[in-house]
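Everything on this sheet refers to the single structure shown next.
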Amino acid sequence: MKHKSILITTLAYFGIAVLAGLLFINAMNKGPSRDEQMYCTAGALMAQGQAIYKDFSYVSQWPYHPALLSVVYRLTHTTHYLLVGRLLSWACELGTLLLILAIYRQVFAQQKPLGSLLGLGAAALYALNPMVFMANGYAWNHPFVLLAVMLSLWLLLKDLPNSLVTGLLQGALLTLACGMRITTVLIWGLFLLHWIFFQTSSRPQHKRGLLGFVCSTGLLAIWPTVTLLQAPQAAWANLVIIPRLYGQWHQAQGTAHNKLDLTLMVLTAMGYLALLICWGVTSGMHRTCRRAESVTPNKTQRFLVWVVAAFVLIAFIPPTMWRQYWAAPVPFMVLCLAIPLRTLWQHRVNHPRLWQTALTALILSTALAAGAMTATLLYEPLSLSRSQWPPLQIHALARDMAKRVTAPKRILTLAPLLALEGGARIYPELSCGSVVYRIGDELSPRVQAAAQVAGRKSLKHVLATTPPDAILVGTELGPLKDLDQDLTDYVPKGWRKEIYPPSMTLYTRP
Numbered sequence: 147m148k149h150k151s152i153l154i155t156t157l158a159y160f161g162i163a164v165l166a167g168l169l170f171i172n173a174m175n176k177g178p179s180r181d182e183q184m185y186c187t188a189g190a191l192m193a194q195g196q197a198i199y200k201d202f203s204y205v206s207q208w209p210y211h212p213a214l215l216s217v218v219y220r221l222t223h224t225t226h227y228l229l230v231g232r233l234l235s236w237a238c239e240l241g242t243l244l245l246i247l248a249i250y251r252q253v254f255a256q257q258k259p260l261g262s263l264l265g266l267g268a269a270a271l272y273a274l275n276p277m278v279f280m281a282n283g284y285a286w287n288h289p290f291v292l293l294a295v296m297l298s299l300w301l302l303l304k305d306l307p308n309s310l311v312t313g314l315l316q317g318a319l320l321t322l323a324c325g326m327r328i329t330t331v332l333i334w335g336l337f338l339l340h341w342i343f344f345q346t347s348s349r350p351q352h353k354r355g356l357l358g359f360v361c362s363t364g365l366l367a368i369w370p371t372v373t374l375l376q377a378p379q380a381a382w383a384n385l386v387i388i389p390r391l392y393g394q395w396h397q398a399q400g401t402a403h404n405k406l407d408l409t410l411m412v413l414t415a416m417g418y419l420a421l422l423i424c425w426g427v428t429s430g431m432h433r434t435c436r437r438a439e440s441v442t443p444n445k446t447q448r449f450l451v452w453v454v455a456a457f458v459l460i461a462f463i464p465p466t467m468w469r470q471y472w473a474a475p476v477p478f479m480v481l482c483l484a485i486p487l488r489t490l491w492q493h494r495v496n497h498p499r500l501w502q503t504a505l506t507a508l509i510l511s512t513a514l515a516a517g518a519m520t521a522t523l524l525y526e527p528l529s530l531s532r533s534q535w536p537p538l539q540i541h542a543l544a545r546d547m548a549k550r551v552t553a554p555k556r557i558l559t560l561a562p563l564l565a566l567e568g569g570a571r572i573y574p575e576l577s578c579g580s581v582v583y584r585i586g587d588e589l590s591p592r593v594q595a596a597a598q599v600a601g602r603k604s605l606k607h608v609l610a611t612t613p614p615d616a617i618l619v620g621t622e623l624g625p626l627k628d629l630d631q632d633l634t635d636y637v638p639k640g641w642r643k644e645i646y647p648p649s650m651t652l653y654t655r656p
């Protein structure tokens with residue numbers, strides 16, 4: 147029996163390794179996104195000693211994510227900013243996969259081999275979800291937030307004997323998450339309410355846990371708060387004014403999704419629909435079993451559902467909704483299957499069909515998600531060749547470009563990573579790339595100066611005092627491919643011209 151348990155556990159971890167490998171290859175096959183330009187550039191500039199908000203723009207988010215990137219960049223002495231950012235995101239996704247498995251094993255503590263198999267199925271439902279796969283691997287702050295919340299849930303289920311340690315760790319993790327994406331404050335609030343109203347240990351221990359939660363929150367909130375107060379006008383512009391104008395720009399251009407239409411499109415995608423059907427069937431069987439056996443509702447299960455609901459609400463909060471926002475609820479949806487499955491397994495003797503139906507739903511849903519993902523990969527195969535991976539291609543391009551630029555190597559571009567990865571310099575007013583450039587002229591001159599941003603019209607005043615050593619255009623693709631073409635107006639006569647794939651042009655001083 148022991149050998150069988152070891153074999154099943156080994157199989158489960160092997161399955162996690164396969165899923166993690168798939169996510170890794172997927173991460174390496176994606177071209178750079180506009181948000182990555184902003185996130186990785188902020189990390190690189192902070193690694194150079196510049197102050198976020200005060201010295202350069204960083205839109206919509208609090209500063210802990212670029213601070214983390216800057217620490218890693220400094221420790222590794224690298225200019226592979228995009229590659230390192232993606233590796234960190236992938237490491238967080240690996241951690242999420244392992245925690246899904248660990249939580250299932252914790253829930254099925256009396257039958258860990260079964261918990262391992264069910265946890266592997268849940269992890270597959272997560273990794274093969276189309277929205278997760280689409281968002282996977284980008285050097286965004288989402289993976290760090292999800293890992294922090296997942297770790298906090300694992301601590302809640304682990305029920306450590308020392309509540310103070312649990313409270314300290316949960317408060318720290320969730321405050322870090324809030325310092326990366328401010329909307330995570332809803333999740334932080336749920337955990338605070340859990341500490342206040344749901345006593346899971348002796349009263350003195352519970353009070354110590356609540357105290358630890360509040361203290362670690364206060365401690366880790368000091369640095370981002372001080373950072374905001376050092377440049378209040380710039381912070382307000384970056385966190386409130388610019389996101390609002392950016393959303394209005396998308397609405398005016400017709401590129402913003404209707405939130406309800408996008409929600410329906412996402413939820414009816416095969417992998418997502420399979421998960422929802424599995425959750426619905428399992429919840430229905432669980433409710434029937436509870437009524438038949440007079441089982442008391444599980445408070446932890448209710449809390450998990452509230453976490454899912456909070457992430458769904460978070461998807462609707464920003465002015466503009468994007469598909470990747472629907473990746474956030476998925477790992478917590480698959481966790482919502484664990485406790486109902488345990489209840490059904492415990493009462494399988496009296497209600498075998500309920501257990502069999504729920505188990506069949508999980509197996510079929512996982513198979514449907516795997517089938518849909520297989521079809522996607524057959525249509526758009528992933529490359530295993532390192533020479534075809536965009537993070538490495540971009541670094542090689544950046545180094546080649548930088549060699550052609552004369553000192554002090556300041557490049558005018560809406561793709562700041564292509565300058566920074568080669569060791570060149572950028573204009574801090576364009577540190578967010580095209581995100582702010584599109585709406586920069588909507589800001590007053592005073593706000594532009596405070597927030598270190600520029601638009602099409604105001605850029606000429608910046609260049610009048612600090613002329614570029616090179617100009618790079620053609621970095622945008624798709625509907626916005628012509629966005630940076632007006633930068634060619636600043637190219638002096640006689641400059642050299644170099645063409646780079648797929649459609650980039652570098653103008654350099656002779």
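If you want my numbering, it's the position in the sequence shown, counting the first as 1, plus 146.
Even for Gly, the Cβ is constructed at its ideal location relative to N, Cα and C.
| Closest to L538 by CA distance: which of M277, P527, L514, L564 is it? | L564
| request: Specify, as a first and last residue, the run of the alpha helix (DSSP H) that T405 falls within. | output: Note that residue 405 corresponds to Lys in the displayed sequence, not to Thr. Start and end: 405-413.
| query | Are the beta-carbon atoms belonging to W382 and I585 less than 8 Å from one another? | reply | For W382 and I585, no; Cβs fall outside 8 Å.
| query | Does the Cβ-Cβ distance between E674 and L560 come in under 8 Å? | reply | In this structure the chain extends from 147 to 656, so residue 674 is not present and cannot be described.
| Taking contact to mean at least 3 C-beta pairs separated by less than 8 Å, is the segment 271-279 in contact with the segment 155-173? | yes
| said: Between which two residues does the beta strand (DSSP E) holding L271 run? | reply: Unbroken run through L271 is the alpha helix (DSSP H), 258-273; no beta strand (DSSP E).
| message | With H, G and I counted as helix, E and B as strand and the rest as coil, what does DSSP make of A600? | response | A600: coil per DSSP, three-state reduction.
| request: Taking all protein chains shown into account, decide if G335 is buried (16 or more other Cβ within 10 angstroms of its Cβ) or exposed. | output: It counts as exposed.
| Whole-angstrom C-beta distance between C324 and W452, which should lie under 8 Å | So it is not a contact: roughly 17 Å between Cβ atoms.
| query | Going by beta carbon distance, what residues of the same chain come within less than 7 Å of M192, once the five residues before and after it are set aside? | reply | I198, P212, A213, S216
| Runs of alpha helix (DSSP H) wholly within the segment 480-540 (minimum 4 residues, chain order) | As far as the segment 480-540 is concerned, its whole alpha helix (DSSP H) runs of at least 4 residues are 484-492, 498-525.
| task | Within its chain, find whatever has a CB closer than 7 Å to the CB of E239; leave out the 5 residues flanking it on each side and keep chain order. | result | L169, N282, P289
| Y204 versus Y185 - alpha carbon distance | 8 Å
| task | Would you list the one or two residues that DSSP bridges to R571? | result | R556
| Secondary structure at M326, three-state DSSP: helix, strand or coil? | coil
| message | Since Q337 and L320 should fall inside the 8 Å C-beta cutoff, what is the C-beta to C-beta distance between them, to a whole number of angstroms? | response | Just to set this straight, residue 337 is Phe in the shown sequence, not Gln. Going by Cβ atoms, the distance from F337 to L320 rounds to 6 Å, so yes, they are a contact pair.
| said: Buried or exposed, going by whether 16 or more other CB atoms sit within 10 Å of the CB of T634? | reply: The residue is exposed, with fewer than 16 neighbouring Cβ atoms inside 10 Å.
| query | Are there 16 or more other CB atoms within 10 angstroms of the CB of R592, so buried, or fewer, so exposed? | reply | exposed
| So does the segment 607-624 actually touch the segment 221-241, counting three or more Cβ pairs closer than 8 Å? | No, the segment 607-624 is not in contact with the segment 221-241.
| task | Confirm, please, whether the CB-CB distance from V581 to Y418 is below 8 Å. | result | Result no, Cβ atoms of Y418 and V581 do not sit closer than 8 Å.
| said: Using 8 Å as the threshold, is the C-beta distance between Q440 and P486 below it? | reply: Residue 440 is actually Ser in this sequence, not Gln. No. Outside cutoff.
| request: Classify V454 as helix, strand or coil using the three-state DSSP reduction. | output: Note: V454 maps to helix in three-state DSSP.
| task | Would you mind stating whether N384 and A597 have Cβ atoms separated by less than 8 Å? | result | At a Cβ-Cβ threshold of 8 Å, N384 and A597 count as neighbours.
| What number of angstroms, rounded off, separates the C-alpha of L421 from the C-alpha of T503? | Put simply, the backbone Cα of L421 is about 15 Å away from that of T503.
| field | Local conformation of L366 per DSSP, three classes | value | helix
| field | Continuous alpha helix (DSSP H) stretch holding E588: start and end | value | Note, E588: premise wrong, no alpha helix (DSSP H); not H, not E.
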